[in-house]
Structure formats: structure tokens, C-alpha cells
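Heads up: the sequence shown begins at 33 in the working numbering, then just goes up one per residue.
Quick reminder that beta carbons are idealized off the backbone N, C-alpha and C, glycines included.
Remember, it's a predicted structure, so these values are computed and weren't measured experimentally.
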Amino acid sequence: ISAVQSTAQQEIKSFASVLEKECASALAPKKIQSAIVAASEDRGCNIIIHGLEELKDSGSSDELETQIKALFSELNEAPKVKSVERLGKISSSARPVKVVFRSRNAQISILSKKPLLKGNDKFGKVFLSPDRSVEERRERKRLVDELKEKVKQSPEKHYIIRGNRVLVATRD
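Structure, rendered in C-alpha cells:
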């Protein structure tokens, strides 16, 4: 019995050492960093549309795609879209829409033209933003809160968010 116990303990120790090595390499900082970079690259072709009216028969993806095409035509764009989907559970307010483009250039082009929607009758309350990770959304919220606080303190100045900072911009 003691021989069996000794063999079992040796096997358990060798298994533990193998497991320790494998877990350490799987959780290596470089692998984690590369996973984060890959996730951000995946989001690089996406936009999120807020405030797009949710039609009564919103179960049909064709109607949603028609709305998206109308929105893009207002921006004089006709990008190639991979997929379109509403996010979240059905509620009383309009759910955000995730649009996945075939290229990052399409995303950049659409986002650069988003100011054209401000005066639009049909899409004036629609807001376009890049698809952000949870951490990026948290950081963006912190910056927006900081911007609001600065506007409250000095309403005569014009503040903008550039990079990860709130800056004072000169009005034209």
C-alpha cells in the first residue's frame, strides 16, 4: 500500500508541475495583450447606431436593413455591410443597432460624416459611434462626465474630447 501511495504522490506532483507550466504560459501577458488587440481589431469595422426608431414589426431584419440603407444614403454613402443587428432585449426605448462593415475604411467614412445627421428631419436624433469595448466605454463615460463638469464651470468656453483628454477648443 505504501508503494502505491508513493507512486500516486509522485504522479500528482508531476501532474501539478505540468499544469502549473501550462497555466503560466496560457496567462502570459503577451498572450493576453494579443487577445485584447485582436478584439479591438474585430471592433474596428463596426459602428453602433443609437436612437434609430424601432418599428412595430421589428422582427424582420429586412426592415432594419432598409432603415440602415436610408440612413447611409443621407450621408451619401453606400458601404458594403456584413451584418446588422439590434442589441439587447426589446424594451420601450429603441435598442442600439450594431452594423458590421466589410472594411475599416467604410466605418471611418461613415463616422466622419455623422455631423451631417444633426439637421436632418428623419435622422436628427440618431447618434453614430464606434463599437467600443466595456473598458473603452467606461473611459469614454469618464471623459464625457469630465467635459460636462468643465462646461458647467466655464460655459463660455468650448470643450472637446480628443484622444483621452478633454481640451479647450477655440470657437470659429
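Whole-angstrom C-beta distance between residue j and residue i, which should lie under 8 Å
| i | j | result |
| --- | --- | --- |
| residue 111 | residue 142 | 6 Å |
| residue 164 | residue 172 | 6 Å |
| residue 162 | residue 79 | 6 Å |
Which of helix, strand or coil DSSP assigns to residue i
| i | result |
| --- | --- |
| residue 8 | This structure cannot settle anything about residue 8, because the visible part of the chain is limited to 33 through 204. |
| residue 93 | helix |
| residue 127 | coil |
| residue 171 | helix |
| residue 105 | helix |
| residue 137 | helix |
| residue 166 | helix |
| residue 186 | coil |
| residue 158 | coil |
| residue 117 | strand |
Under 8 Å between C-beta atoms of residue i and residue j
| i | j | result |
| --- | --- | --- |
| residue 139 | residue 195 | no |
| residue 145 | residue 109 | yes |
| residue 87 | residue 97 | no |
| residue 103 | residue 148 | no |
| residue 113 | residue 93 | no |
| residue 157 | residue 83 | yes |
| residue 191 | residue 184 | no |
| residue 198 | residue 168 | no |
| residue 200 | residue 189 | yes |
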